[in-house]
Structures are given as structure tokens and as C-alpha cells.
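Residue numbers (the numbering used here), protein chains in the order written: chain A, 1 to 141; chain B, 142 to 282; chain C, 283 to 423.
See structure below.
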């Protein structure tokens with residue numbers, strides 16, 4: 001992981017093999033980034049992504065072992081019990097002639113080539129609180 | 142709708158059942174947000190999205206009733222006749238094993254679970270003006 | 283190409299026929315934008331997009347002649363040999379009933395209707411340097 005402070009934000013490069021969600025979370029913990037937004041692009045592998053099934057109140061995840069381009073990745077950082085939690089959604093395009101896209105909520109993705117992130121801390125302390133009717137910890141605004 | 146002013150922007154949470162385009166437009170009207178950019182993620186249903194057919198000079202829209210993850214949603218706000226107009230494009234991933242993505246121009250989408258938005262007002266007053274050769278109101282820059 | 287300086291960034295409208303990567307690169311060269319991030323939406327044609335094949339250390343590109351909506355486009359600007367280089371990933375949705383998305387790394391796309399860009403220069407001077415093990419010029423942070 002390489003980071004450049006660019007005033008009002010950080011340019012970050014994650015390296016092959018780094019788990020994106022875990023690495024970003026640890027970075028935010030160590031640097032007290034408690035509320036932020038970010039986007040990223042690059043290529044990942046061993047992706048676990050999925051969707052939230054509101055009727056069952058649980059996520060469905062699928063694992064995609066092969067390398068895919070990160071056509072789009074967006075997320076935010078907010079606190080649960082005072083610790084920064086990263087929430088991200090992604091669009092992954094196939095590394096074959098189809099270039100077909102799949103996407104959804106990110107459990108984890110691992111950098112396959114490189115990942116370029118722009119992380120923008122926000123001057124606020126936003127938490128997530130459980131909403132029992134939804135079954136998720138929603139932004140407490 | 143919940144909003145937190147985070148300096149240089151607003152973190153917004155829309156709630157289940159809220160129409161995204163209408164709710165954002167009303168918010169911008171009431172708060173005099175005339176020019177802005179935003180992105181959003183979450184899950185929506187009853188989506189009306191489509192594409193612009195330049196030959197026919199009209200949009201084609203398709204309705205997708207079922208819940209889909211908002212893998213990516215981007216937009217901007219600019220004025221038509223002095224009122225804020227929201228323009229957005231979206232990528233929706235299927236809430237099934239395929240996780241397949243569809244996307245395009247947004248007519249309306251309704252929050253199915255939650256929607257997390259970062260709206261960034263810009264210190265400018267940008268309008269849209271009709272371009273007869275294109276058939277759309279383009280940014281007047 | 284039309285540009286409005288909106289403080290901390292530029293709203294840009296590219297016009298039908300303009301090559302996006304080339305036009306943005308030239309703009310950055312002329313205006314000394316050496317490090318930046320951006321996103322864009324609109325519709326393009328004659329798209330050359332693809333993916334990086336790490337085993338072969340080369341990009342595979344596919345040409346898509348027909349018009350597609352830019353459901354999402356993200357990128358950054360950094361320097362190679364002191365000149366600004368634009369790096370972008372895109373999600374393109376089909377201009378037909380399927381609205382199906384393809385995506386990946388952008389070689390070039392040409393504006394088919396309009397393209398609305400928000401470009402945000404960063405107060406930094408970031409270069410790209412060749413990483414021989416990856417075969418690409420990565421952000422030097």
C-alpha cells in the first residue's frame with residue numbers, strides 16, 4: 001500500500017495480493033479516518049460480491065476467482081462502535097472478449113494487478129446504527 | 142430522508158419507498174442547491190432506466206420492478222428555467238446468482254433497502270439549454 | 283469542448299465527435315493539470331475498451347462501434363515524463379432493450395451525444411513509473 005496526501009484526500013495504490021476491504025479498514029483505523037467517501041479502479045481477483053436479500057435479511061455472496069477489471073468501485077467509511085467500517089459497491093468487467101459486467105455489494109476483493117483509490121475524508125463523525133426493520137446498520141445522519 | 146452537512150457536501154440517506162430523483166430534486170429546490178455532483182449506492186426497485194435514441198431524439202425507457210443493487214449511480218444538478226434538475230446514470234446489478242449488470246439514464250428509481258448519497262454542491266450557477274441538433278438540454282458552460 | 287471553472291474543479295461538456303481521452307489529455311496539457319481525478323456520464327460510440335492480461339503483460343482491446351450510454355466513467359490524471367496521462371475505466375450500457383453492461387479500461391471513446399465531466403485537480407505532482415513485474419506504469423506515491 002502506497003499513500004500520498006493530496007490535501008482534502010489521499011491517493012492510494014494497493015498492490016497485487018492486498019485484500020482491499022481489510023487493507024482500507026486497517027488504514028482508516030490507524031489514521032483515524034472515521035467518515036469518508038472513495039472510489040477505486042484497477043483489477044482484482046478472488047472477489048466475494050453479492051446482494052442483500054431483504055426478505056431473508058441476509059446477504060447472498062458469490063465468489064469469482066478469476067481476474068476482473070474494476071470498472072467502477074465506490075464506497076464510504078462510517079463508524080460502528082467507534083471503529084471505521086468500509087462499505088463498498090463494485091462493477092467488475094470480465095477479462096475476456098465479452099467484457100460483461102457483474103456487480104454488487106463487496107465482501108472482499110483482492111488486488112490482481114493494481115488498484116488506484118481516491119479517498120476523501122469528511123469532517124464529520126458519522127456512525128451506523130442497526131435498523132431492525134431492514135436488518136442492516138444504516139447511516140445515522 | 143436524512144441529511145448530514147459535512148462541509149463541502151452532504152451525506153444523505155434515502156429510505157425505503159422514497160423515489161430518488163423526485164426526492165433529490167425537491168431537496169435541491171428547498172435548499173437552493175442549483176449546481177452539484179453526486180454519487181449513490183444502495184438498492185432500488187421499480188426502476189425506470191434507459192437510453193437516448195439520437196436518431197429519434199427521444200429516450201427509450203424500460204421498467205425493472207424487482208430489487209437490484211445500485212452498483213454505481215452518478216449524477217449532477219443544473220438549472221432549467223432557474224429550477225434545479227437532477228441528471229443521473231446508474232448501473233444496477235441483479236439480485237440473483239448472475240449479479241449481471243444493466244444500466245443507463247435514470248428516469249426514476251425507488252429505494253428498496255437504503256440509498257447512501259454524497260452530494261457535493263458546486264459554487265457555480267450552471268444552466269441547461271436546449272440543443273436542437275441533439276434534442277436535449279445540455280450543460281451551458 | 284466547453285469548460286466552467288467551479289472552484290476546486292471543472293465542469294466540462296464534450297461535444298459529439300470529440301475523442302474523450304485525447305481531448306481531456308490535451309486540455310490537461312494546456313492547463314497544466316498534472317494530477318487529478320474525474321468522472322463522466324453521457325453517451326459514446328467507436329469505443330475501444332478492454333482489459334489487462336497480466337500473464338501476457340498486454341492489454342486486450344475490443345472495438346464497439348455503436349452508441350452506448352456511459353453508465354459510469356472514472357479516471358485520474360498523473361504524469362509520465364512530465365506530461366499528463368489520463369487513465370480511465372468505463373461501464374457502457376447497451377442502447378437496446380437489454381441495457382446490458384460491458385466495461386473495462388478505456389483506450390478511446392468518442393462522444394456520440396454529449397459527455398458531462400467533473401474534473402477535480404489535486405494539489406500534488408504524482409507520476410507513473412514502470413513496474414517491470416506488472417508491466418504497467420503504476421502511480422508513484
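Just so it is clear, CB atoms sit at the ideal spot from N, CA and C, and this is done for glycine as well.
- Proximity of residue 66 (chain A) to chain C, defined by a Cβ-Cβ separation below 8 Å, is not satisfied.
- Using a Cβ-Cβ cut-off of 7 Å, residue 386 (chain C) is close to 69, 71, 93 and 99 of chain A, given in chain order.
- Relative to residue 74 (chain A), the option among A:61, A:88 and A:64 whose CA is nearest is A:88.
- Residue burial is scored here from C-beta neighbours: residue 399 (chain C) has at least 16 other C-beta atoms within 10 angstroms and is therefore classed as buried.
- Secondary structure note for residue 157 (chain B): it is in no alpha helix (DSSP H), with a DSSP letter that is neither H nor E.
- Our two residues, residue 358 (chain C) and residue 11 (chain A), have alpha carbons roughly 10 Å apart in a direct line.
- When Cβ-Cβ separations below 8 Å define contact, residue 333 (chain C) makes contact with chain A.
- When rounded, the separation of the alpha-carbon atoms in residue 40 (chain A) and residue 201 (chain B) is 31 Å.
- Using a 10 angstroms sphere on the CB of residue 72 (chain A), the tally of other CB atoms reaches 16 or more, which defines it as buried.
- Residues of the same chain with a CB within less than 8 Å of the CB of residue 310 (chain C), apart from the 5 flanking positions on each side, are 316, 318, 359, 366 and 368 in chain order.
- Note that the C-beta distance between residue 141 (chain A) and residue 143 (chain B) is below 8 Å.
- A direct Cα-to-Cα measurement between residue 137 (chain A) and residue 414 (chain C) gives close to 43 Å.
- In the DSSP assignment, residue 130 (chain A) forms a beta bridge with A:137.
- Using a Cβ-Cβ cut-off of 8 Å, residue 225 (chain B) is close to nothing in chain C; its nearest Cβ partner there is about 15 Å away.
- For residue 20 (chain A), the three-state secondary structure derived from DSSP is helix.
- When CB distances to chain C are screened at a threshold of 8 Å, the residues of the segment 169-185 of chain B falling below it are 176, 178 and 180, in chain order.
- Listed along chain B, no residue sits closer than 7 Å to residue 109 (chain A) by beta-carbon distance, the nearest being about 13 Å off.
- Inter-residue distance for residue 244 (chain B) and residue 66 (chain A) is about 23 Å (C-alpha atoms, whole angstroms).
- At least one beta carbon of chain C lies nearer than 8 Å to the beta carbon of residue 203 (chain B).
- Restricting attention to C:303, C:378 and C:416, the CA atom closest to the CA of residue 195 (chain B) is found in C:378.
- Within the segment 303-328 of chain C, not a single complete beta strand (DSSP E) segment reaches 3 residues in length.
- Here residue 110 (chain A) is buried: its Cβ has 16 or more other Cβ atoms, across all protein chains shown, within 10 Å.
- Of all alpha-carbon atoms in A:62, A:56 and A:57, the one lying nearest the alpha-carbon of residue 50 (chain A) is that of A:62.
- At least one CB atom of chain C sits nearer than 8 Å to the CB of residue 113 (chain A).
- Assignment of beta-bridge partners to residue 79 (chain A) by DSSP yields A:84 and A:127.
- Counting of Cβ neighbours within 10 angstroms places residue 150 (chain B) among the buried residues, the total reaching 16 or more.
- In the structure shown, residue 206 (chain B) falls within a coil segment according to DSSP collapsed to helix, strand and coil.
- Within a 10 Å sphere around the beta-carbon of residue 240 (chain B) sit 16 or more other beta-carbons, which makes this residue buried.
- A direct Cα-to-Cα measurement between residue 64 (chain A) and residue 105 (chain A) gives close to 13 Å.
- Under the three-state reduction of DSSP output, residue 5 (chain A) falls in the strand class.
- At a cut-off of 8 Å, the C-beta of residue 221 (chain B) has no neighbouring C-beta in chain C.
- Residue 267 (chain B) has a beta carbon lying within less than 8 Å of a beta carbon in chain C.
- Counted as a single uninterrupted DSSP element, the stretch harbouring residue 57 (chain A) is not any beta strand (DSSP E), since DSSP gives it neither H nor E.
- Of the other Cβ atoms in all chains shown, 16 or more fall within 10 Å of the Cβ of residue 68 (chain A); this residue is therefore buried.
- By the beta-carbon neighbour count (other beta carbons within 10 angstroms, threshold 16), residue 299 (chain C) is exposed.
- In this structure, residue 183 (chain B) and residue 260 (chain B) do not form a Cβ contact; the two beta carbons are roughly 14 Å apart against a cut-off of 8 Å.
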